[in-house]
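Comments concern the structure below.
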Amino acid sequence: LILIYLVMAALFESWLLPLSVLTTVPMAFCGVYWVMFLTGKQMDTISLVGSIIMCGIIVNNGIVIIDHINQLRRGGLGRAEAVLQGGHNRLRPVLMTTLTTVFCILPLAVGRGATGGAVTGLGRALVGGLCAGTFLTLFVVPIVYTIIDDLQVWTRDFFGSMAALGGAEQRAGTKDSPES
Numbered sequence: 010l011i012l013i014y015l016v017m018a019a020l021f022e023s024w025l026l027p028l029s030v031l032t033t034v035p036m037a038f039c040g041v042y043w044v045m046f047l048t049g050k051q052m053d054t055i056s057l058v059g060s061i062i063m064c065g066i067i068v069n070n071g072i073v074i075i076d077h078i079n080q081l082r083r084g085g086l087g088r089a090e091a092v093l094q095g096g097h098n099r100l101r102p103v104l105m106t107t108l109t110t111v112f113c114i115l116p117l118a119v120g121r122g123a124t125g126g127a128v129t130g131l132g133r134a135l136v137g138g139l140c141a142g143t144f145l146t147l148f149v150v151p152i153v154y155t156i157i158d159d160l161q162v163w164t165r166d167f168f169g170s171m172a173a174l175g176g177a178e179q180r181a182g183t184k185d186s187p188e189s
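All letters in the sequence shown, in the order written, are residues 10 to 189 by my numbering.
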């Protein structure tokens, strides 16, 4: 997760925006654990490998949405319009990525074929995590993006006003000094 965060920080040129994407990863693990619980399969090393793969796909989906929103904002759209348009424009690519992966992994998750039940945990972890993570990516990422953007604007305004206030006090102090 740290490596994913660093790559996204470089991509977005921000230390805060990657957090909007990474918020879905812990929540996607809920899907992993529910599928494992409902199917009676215990978490093992192979299931954890599936969870790591799931993290990569979920983060990729979030990057697709956030990057498009940023492009729309640089193109002149306001934040609310960019978030709505970005979510609408990237809905199909995100769903296509998830559905193709889930349908390809389904035979592995069921445990049929040459592998038998040896790697069913990997398939089940991927299917559960991707289904939950995709739903969360489509709704949670834009919401957290707006919250983080509000936080960035507030921080910039707060420190800008503090700097302006400090500069005004310093200018006022030099006018009142006996040396002037």
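Each residue gets a CB set at the ideal place from its N, CA and C atoms; glycine is no exception.
On a predicted model such as this, the values are computed, not experimentally measured, just so you know.
Of Pro35, Leu12, Pro27 and Leu20, the smallest CA-CA separation from Gly138 is found for Pro35. In this structure the region 19-29 touches the region 148-167; the number of beta carbon pairs closer than 8 Å is three or more. Only exposed fits Leu100, as fewer than 16 other CB atoms lie within 10 angstroms of its CB.
The C-beta distance from Ile62 to Val150 rounds to 19 Å, too long to meet the 8 Å contact threshold. Setting aside the 5 residues that flank it on each side, Gly40 is surrounded in the same chain by Gly137, Gly138, Leu139, Cys140, Ala141 and Gly142, each with a C-beta closer than 8 Å to its C-beta; the list follows chain order. Gly71 is positioned such that its CB atom lies closer than 9 Å to that of Thr33. Between Trp43 and the set Leu93, Phe148 and Gly130, the nearest pair of CA atoms involves Gly130. Relative to the Cα of Met17, the nearest Cα in the group Thr54, Asp76 and Thr48 belongs to Asp76. Under the DSSP assignment, Ser29 falls in the alpha helix (DSSP H) whose first and last residues are Leu26 to Leu31.
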